[in-house]
Ligand SMILES: [Zn+2]
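In our numbering, the protein residues as written are 1 to 210.
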């Protein structure tokens with residue numbers, strides 16, 4: 001039987017102490033833009049760990065709309081943990097829905113939120129909404145003024161990440177708000193012990209009817 005997952009709001013969030021994914025099972029994203037690389041010069045942990053399968057869904061979703069030249073977007077679902085006093089998030093999955101998109105914008109319907117999560121099919125995790133992703137086909141990874149408004153309006157917690165992907169330039173980067181200002185966020189792709197990181201499976205985000 002399939003049941004909807006529990007999507008927790010940030011309010012009652014209990015942040016557990018947890019070891020982040022082991023270093024040998026993490027890598028910086030292969031599409032990281034040049035200007036982001038200085039953040040990755042040390043071997044310090046990341047603020048966000050993106051599960052390999054979720055990463056593939058985001059990338060394939062963006063790539064699937066390269067031909068029509070449309071933006072895509074969706075939500076990052078996962079967990080918030082702390083380790084030695086430092087908070088980090090783990091993105092386990094992503095979800096999307098039908099979008100009204102153009103090459104420079106994608107419509108974000110707050111009313112769609114509830115039904116979106118109601119209809120999610122996986123019940124194995126108690127997910128927290130930890131951010132959102134969207135694409136900038138051909139114009140690089142940054143947060144536009146509209147994106148910043150979205151971030152401030154809906155994703156203003158420290159653990160909220162805005163993941164941006166450019167499927168044409170082949171770039172992916174992450175951002176967050178820090179004291180009301182946008183800054184880049186270090187994120188690493190990780191995989192579970194039983195997964196072969198080089199196995200090129202093709203996955204797409206779930207399409208949810210609303
Ligand atoms: Zn944007």
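Quick reminder that beta carbons are idealized off the backbone N, C-alpha and C, glycines included.
Where residue 79 sits in the DSSP three-state scheme
The residue labelled residue 79 in the question sits at position 79 within the chain shown. DSSP places residue 79 in strand when its eight states are reduced to three.
Uninterrupted alpha helix (DSSP H) stretches inside the segment 32-85 (no shorter than 4 residues):
52-64
Check for me: the alpha helix (DSSP H) holding residue 149 runs from which residue to which?
The residue labelled residue 149 in the question sits at position 149 within the chain shown. Per DSSP, residue 149 belongs to the alpha helix (DSSP H) from 145-154.
Classify residue 83: buried if its beta carbon has 16 or more other beta carbons within 10 angstroms, exposed otherwise.
If you number the chain shown from 1, residue 83 lands on position 83. Residue 83 should be labelled exposed.
Is residue 93 near ligand 1, in the sense that its beta carbon is under 8 Å from a heavy atom of that ligand?
As a working mapping, residue 93 is identified with position 93 in the chain shown. Result no, Cβ not under 8 Å from ligand 1.
Check residue 169 in the structure and name its three-state DSSP category.
Taking the first residue of the chain shown as position 1, residue 169 is located at position 169. Residue state, collapsed to three classes: coil.
Taking 8 Å as the cut-off, is the C-beta of residue 136 nearer than that to any heavy atom in ligand 1?
Taking the first residue of the chain shown as position 1, residue 136 is located at position 136. Result yes, Cβ under 8 Å from ligand 1.
Decide if the segment 61-75 is in contact with the segment 151-159; the criterion is three or more beta carbon pairs, one per stretch, under 8 Å apart.
no
Simplified DSSP assignment, three categories, for residue 236
Past the edges of the chain, shown from 1 to 210, lies residue 236, and the structure says nothing about it.
Those residues, in chain order, that have a beta-carbon closer than 5 Å to some heavy atom of ligand 1
144 and 147
Extent of the continuous beta strand (DSSP E) to which residue 181 belongs
Within the chain shown, numbered from 1, the residue matching residue 181 stands at position 181. Counting along the chain, the beta strand (DSSP E) containing residue 181 begins and ends at 181-184.
Please report the straight-line C-alpha distance between residue 24 and residue 30, rounded to a whole angstrom.
Translated into the one-based positions of the chain shown, residue 24 becomes position 24. Translated into the one-based positions of the chain shown, residue 30 becomes position 30. Cα to Cα, the separation comes out at about 16 Å.
What residues in its chain sit with their C-beta under 8 Å from that of residue 140, if we drop five residues either side in the sequence?
Here residue 140 corresponds to residue number 140 of the chain shown, with the count starting at 1. So the qualifying residues of the chain are 33, 166, 169 and 171.
Per DSSP, what kind of secondary structure is residue 119 in: helix, strand or coil?
Stepping through the chain shown from its first residue, residue 119 is reached at position 119. Any reading at residue 119 is ruled out, since the residue's pLDDT is 48, under 50, leaving its predicted position unreliable.
Closer than 6 Å by C-beta to residue 27: which residues in its own chain qualify, once you throw out the five before and the five after it? Chain order, please.
Taking the first residue of the chain shown as 1, we reach residue 27 at position 27. For residue 27, where only same-chain residues beyond five positions count, the Cβ hits under 6 Å are 189.
I'd like the list of long-range same chain contacts for residue 216, defined as Cβ closer than 6 Å, with 5 residues on each side in sequence excluded.
With the chain running from 1 to 210 in the structure shown, residue 216 is simply not present.
Do residue 91 and residue 161 count as a contact pair if the criterion is CB distance below 9 Å?
The residue labelled residue 161 in the question sits at position 161 within the chain shown. The residue labelled residue 91 in the question sits at position 91 within the chain shown. Yes, the pair counts as a contact, with Cβ atoms nearer than the cut-off.
So residue 190 is in the beta strand (DSSP E); what residue range does that whole segment cover?
For the purposes of this step, residue 190 is taken as the residue at position 190 of the chain shown. Segment 187-190, the beta strand (DSSP E) holding residue 190.
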